[in-house]
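Enquirer: The numbering of the sequence shown is our numbering, which starts it at 258 and goes up by one. Sharing a structure here in structure tokens format.
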Amino acid sequence: MSVHKFQAEVNDLLHLIIHSLYSHKEIFLRELISNASDALDKLRYLTTSDEAYKSITFEPSITISFNDEKNTLTIEDTGIGMNEQDLIDNLGTIARSGTKRFMEAIAQASKKDMNLIGQFGVGFYASYMVAETVSVLTRKAGEDAAWLWTSDGKGSFSIEPAEKASHGTCITLTMNDEGKEFLSRWRLESLIKKYSNHIAFPIFLEWDGFEYDDKGKKKDTKIHRKDQINSAKALWSRSKQEITTEEYIDFYKNITDSEENPLYWIHTKAEGTIEYTTLFYIPEKAPFDLYHADYKPGVKLYVKRVFITDDDKELLPTYLRFVRGIIDSEDLPLNVSREILQQNRIMNTIRSASVKKILSELKELSERDPEKYAQFIIEFNRPIKEGIYSDFANKETLLELVRFKSTAVDGWTSLADYKKRMKDGQKAIYYLTGESEERVRKSPILEMYKKEGIEVLLCFDEIDELVIPMIGRYGDIELKAANRTGAEEDIQSKEAKQKQKENAPLAEKIKKALGDLVKDVRVSSRLSESPACIILDEQDPSMQMAQLMKALGRGEEVEVRPILEINPDHALLKKAQNSESDELTSDIAHVLLNQALLLEGVPIKDPSDFVTRLNRLLSQ
258 MSVHKFQAEV NDLLHLIIHS LYSHKEIFLR ELISNASDAL DKLRYLTTSD
308 EAYKSITFEP SITISFNDEK NTLTIEDTGI GMNEQDLIDN LGTIARSGTK
358 RFMEAIAQAS KKDMNLIGQF GVGFYASYMV AETVSVLTRK AGEDAAWLWT
408 SDGKGSFSIE PAEKASHGTC ITLTMNDEGK EFLSRWRLES LIKKYSNHIA
458 FPIFLEWDGF EYDDKGKKKD TKIHRKDQIN SAKALWSRSK QEITTEEYID
508 FYKNITDSEE NPLYWIHTKA EGTIEYTTLF YIPEKAPFDL YHADYKPGVK
558 LYVKRVFITD DDKELLPTYL RFVRGIIDSE DLPLNVSREI LQQNRIMNTI
608 RSASVKKILS ELKELSERDP EKYAQFIIEF NRPIKEGIYS DFANKETLLE
658 LVRFKSTAVD GWTSLADYKK RMKDGQKAIY YLTGESEERV RKSPILEMYK
708 KEGIEVLLCF DEIDELVIPM IGRYGDIELK AANRTGAEED IQSKEAKQKQ
758 KENAPLAEKI KKALGDLVKD VRVSSRLSES PACIILDEQD PSMQMAQLMK
808 ALGRGEEVEV RPILEINPDH ALLKKAQNSE SDELTSDIAH VLLNQALLLE
858 GVPIKDPSDF VTRLNRLLSQ
């Protein structure tokens, strides 16, 4: 027998699992059944694709039994099994996401967040919510040796040689006081149906109990029963007409290890040259790793109901990574590899058709149920914008799906609705980008547009600086950034143009005071109340983009000098215009520039100088 220490921090992790998710301890059974199903999936795949395993008879089953006298619960499968190294790798360490990250997430979450365990790949450890000790008897398919893994979850585990007649894994939990409630036929049956009814393999409940007569009176004789509890049929293979809403929802919860309901689902069966079935779900809430580079794909690939992979990011485009569900092909080979998938004509066809189907269904949802679609937008508007940037083939459809905040309406608006509200003679759709909705709404750049009653779209997602300019046009209407040179020309009045000419010397005076800090100083037609604002040359990147490039070590390549627009009617500018003091003019110019930069969320280069100049102005 060999004794091993758990990976560092496992004790702390187990403590958090036990205590933070205490109110949901029943999910241990879901996790163990799911693991058993995965083991069966792996063996089924290997017996059809790997010569080394084709001689093995695949007889799938998951059997759950209990002994209330010995205080034990057993979950046994006939899957792939494990050898000694597998036990060390799989049960001696925390899986893919890492201990520290999991502990941080679970410590911050509420007890209601049952999804965390599945998200972080630590489902096996949920056993310790209900068990004092856990033993794992296992034998890997194709190998003769069997092994027994044992641990109380308190710092170490042991592994020793054992005997097992056939391949598979048998997990035995010796229950703690809280876990004794699960040593019941009725409790176990209800949990299996609740969480695992759509597992594709038969789940049996084996038990001993007393017989009852037709009047419900218990007999003296005991009986031994072994009953299949789940439906063991792939839900997606059934016709939509025979599947209830409850079954769709239960299946979603099963494949996502979540207690949340889906927002929407799309069930498609394609027949013809290429035959396949898809069942896609849109979650109510964005997955926790939606914006992580190492996000976990949410779509599983099957071939003729045989599980192939759930770890391929090519099944759907990256911007649809929030979609959950399955793709089941009748035409792909069972031994298809990841490399083949990426180049396979059949898979490309399925992928393309699936994307179009998802987008068309979302468009229909937006028209049929605007309230539900607004829920979708709150969670997934940004990924849809990513699609505009990356999926040129579906750009037009995506433009119909994306939504914006606006100066004209509450809630969200589409480009189509903006176009309907455009004023007579308005030549462009105007938008303004910034780092937050609050900051954009308070931008002085909007003053002219509000005064003229012209709607401006408010764009404050991180990717808007990249995505919105590349849209270019919506139909025959050009999109223009409200903070760029030239955007005001279609709106500018004759009086404003005259004011610019009259105050050109003032603009030149401010520009001289600022020197190379600005690209230019202009008299603004945008401002009516504020003294100054920052705009950008049409060809320059935004100040925010320049900051991002600087953070990436490319700041010198994208150094942006802003254009300062001034309001000659403001008291500070009148003071500068009438002053003969170069120092006063310089103070006013620098304070106005720095104020405008701060309003844009751009850090100023010399805060100390700004404060000094501001104090001098205030003291005069």
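Just so it is clear, CB atoms sit at the ideal spot from N, CA and C, and this is done for glycine as well. Bear in mind the structure is a predicted one, so any value in this text is a computation, not a measurement.
Determine which residues share a DSSP beta bridge with glutamine 485 and list them.
Expert: Translated into positions along the sequence shown, residue 485 becomes position 228. Answer is Phe461.
Enquirer: By the three-class DSSP mapping on this structure, what secondary structure does isoleucine 374 have?
Expert: The count along the sequence shown starts at 1 and reaches residue 374 at position 117. Bear in mind that the predicted position of isoleucine 374 carries a pLDDT of just 43, short of 50, making it unreliable; the figure below should be weighed with that in mind. Note: isoleucine 374 maps to helix in three-state DSSP.
Enquirer: Helix, strand or coil: which one does DSSP assign to histidine 524?
Expert: Locating residue 524 in the sequence shown gives position 267, where the first residue counts as 1. Looking at histidine 524 - three-state DSSP - the assignment turns out to be strand.
Enquirer: Taking all protein chains shown into account, decide if lysine 474 is buried (16 or more other Cβ within 10 angstroms of its Cβ) or exposed.
Expert: Against the sequence shown, residue 474 aligns to sequence position 217. It is exposed - the Cβ of lysine 474 has fewer than 16 other Cβ atoms within 10 Å.
Enquirer: Roughly how many angstroms lie between the CA atoms of serine 750 and serine 787, to the nearest whole one?
Expert: Counting from 1 along the sequence shown, the entry for residue 750 is found at position 493. Counting from 1 along the sequence shown, the entry for residue 787 is found at position 530. Cα to Cα, the separation comes out at about 19 Å.
Enquirer: Below 7 Å CB to CB, which residues in the same chain sit around asparagine 740 once its five sequence neighbours on both sides are set aside?
Expert: Indexing the sequence shown from 1 puts residue 740 at position 483. Only Leu689, Ile702, Ile792 and Leu793 meet the Cβ criterion.
Enquirer: Quick one: grab the DSSP three-state call for glycine 436.
Expert: Position 179 of the sequence shown, counted from the start, is the residue given in the question as residue 436. Helix, per DSSP.
Enquirer: Count the other CB atoms within 10 Å of the CB of isoleucine 428; is the residue buried (16 or more) or exposed (fewer)?
Expert: To locate residue 428, count along the sequence shown from 1; it is residue 171. Its Cβ being crowded by 16 or more others within 10 Å, isoleucine 428 is buried.
Enquirer: Is the stretch 677-696 touching the stretch 717-729, taking contact as three or more C-beta pairs under 8 Å?
Expert: Verdict: yes, contact present.
Enquirer: Can you give me the Cβ contacts of asparagine 760 inside the same chain, cut-off strictly under 7 Å, excluding the 5 residues immediately before and after it?
Expert: Residue 760 sits at position 503 when you count from the first residue of the sequence shown. Around asparagine 760: Val780 and Pro825.
Enquirer: Whose C-beta lies closer than 8 Å to the C-beta of alanine 489 among residues of the same chain, with five residues either side of it excluded?
Expert: Against the sequence shown, residue 489 aligns to sequence position 232. Excluding positions up to five away in sequence, the list reads Ile456, Ala457, Phe458, Pro459 and Ile460.
Enquirer: Exposed or buried, tyrosine 548, counting other C-beta atoms within 10 Å across all chains shown (16 or more means buried)?
Expert: As a first step, residue 548 must be located in the sequence shown, where it is residue number 291. With fewer than 16 Cβ atoms within 10 Å of its Cβ, tyrosine 548 is classed as exposed.
Enquirer: With DSSP as the reference, label threonine 356 as helix, strand or coil.
Expert: One-based indexing of the sequence shown puts residue 356 at position 99. Unreliable placement is indicated for threonine 356, whose pLDDT of 46 sits below 50; no coordinate value is reported for it.
Enquirer: Just the Cα atoms here: how many angstroms apart are phenylalanine 377 and lysine 472?
Expert: Start at 1 with the first residue of the sequence shown, and residue 377 comes out as number 120. Start at 1 with the first residue of the sequence shown, and residue 472 comes out as number 215. In this prediction, phenylalanine 377 has a pLDDT of 37, which is less than 50 and means its spatial position is unreliable; what the coordinates show is noted afterwards. Approximately 50 Å between the Cα atoms of the pair.
Enquirer: Can you list, in chain order, the residues of its chain with a C-beta nearer than 8 Å to that of serine 876? Leave out the 5 residues immediately preceding and following it.
Expert: Mapped onto the sequence shown, residue 876 falls at position 619. Around serine 876: no qualifying Cβ.
Enquirer: Span of the beta strand (DSSP E) holding arginine 741?
Expert: Taking the first residue of the sequence shown as 1, we reach residue 741 at position 484. Per DSSP, arginine 741 belongs to no beta strand (DSSP E) and is neither H nor E.
Enquirer: Which term fits glutamine 852, buried or exposed, when burial requires 16 or more other beta carbons within 10 angstroms of its beta carbon?
Expert: As a position in the sequence shown, residue 852 is number 595, starting the count at 1. The residue in question, glutamine 852, is buried, as its Cβ has 16 or more Cβ neighbours within 10 Å.
Enquirer: Answer with buried or exposed for proline 544, where buried requires no fewer than 16 other C-beta atoms within 10 angstroms of its C-beta.
Expert: Along the sequence shown, one-based indexing puts residue 544 at 287. Classification for proline 544: buried.
Enquirer: Buried or exposed for aspartate 334, please, with buried defined as at least 16 other CB atoms from any protein chain shown within 10 angstroms of its CB.
Expert: Along the sequence shown, one-based indexing puts residue 334 at 77. By the 10 Å Cβ count, aspartate 334 comes out buried.
Enquirer: So glutamate 571 packs on glutamate 541, CB below 8 Å; how close in whole Å?
Expert: Numbered from 1 along the sequence shown, position 314 holds the residue referred to as residue 571. Numbered from 1 along the sequence shown, position 284 holds the residue referred to as residue 541. Not confirmed; about 26 Å, so no contact.
Enquirer: What residue does the beta strand (DSSP E) around glutamate 333 start on, and which one ends it?
Expert: The sequence position of residue 333 within the sequence shown is 76, counting from 1. Note, glutamate 333: beta strand (DSSP E), 329-334.
Enquirer: Which same chain residues end up closer than 8 Å to glutamate 765 when comparing Cβ atoms and leaving out the 5 residues on each side of it in sequence?
Expert: As a working note, residue 765 is residue 508 in the sequence shown. These residues qualify, in order along the chain: Val778.
Enquirer: For serine 239 and alanine 491, what's the separation of their Cα atoms in angstroms?
Expert: Only positions 258 to 877 of the chain appear in the structure, and residue 239 is not among them; the question remains open.
Enquirer: Since histidine 847 is in the alpha helix (DSSP H), which residue starts that stretch and which ends it?
Expert: Position 590 of the sequence shown, counting from 1, holds the residue named residue 847. It spans 839-856 - the alpha helix (DSSP H) in which histidine 847 sits, taken as one unbroken run.
Enquirer: What residues in its chain sit with their C-beta under 6 Å from that of methionine 339, if we drop five residues either side in the sequence?
Expert: Your numbering for residue 339 matches position 82 in the sequence shown. Hits under 6 Å: Thr395 and Lys397.
Enquirer: Taking only three categories from DSSP, how would you classify tryptophan 669?
Expert: On the sequence shown, residue 669 is found 412 positions in, with the first residue counted as 1. In the structure shown, tryptophan 669 sits in coil (DSSP, three-state: anything other than H, G, I, E or B).
Enquirer: With a cut-off of 8 Å on the beta carbons, I'd call aspartate 546 and tyrosine 552 a contact; round off their distance for me.
Expert: Mapped onto the sequence shown, residue 546 falls at position 289. Mapped onto the sequence shown, residue 552 falls at position 295. Contact holds; Cβ gap of about 4 Å.
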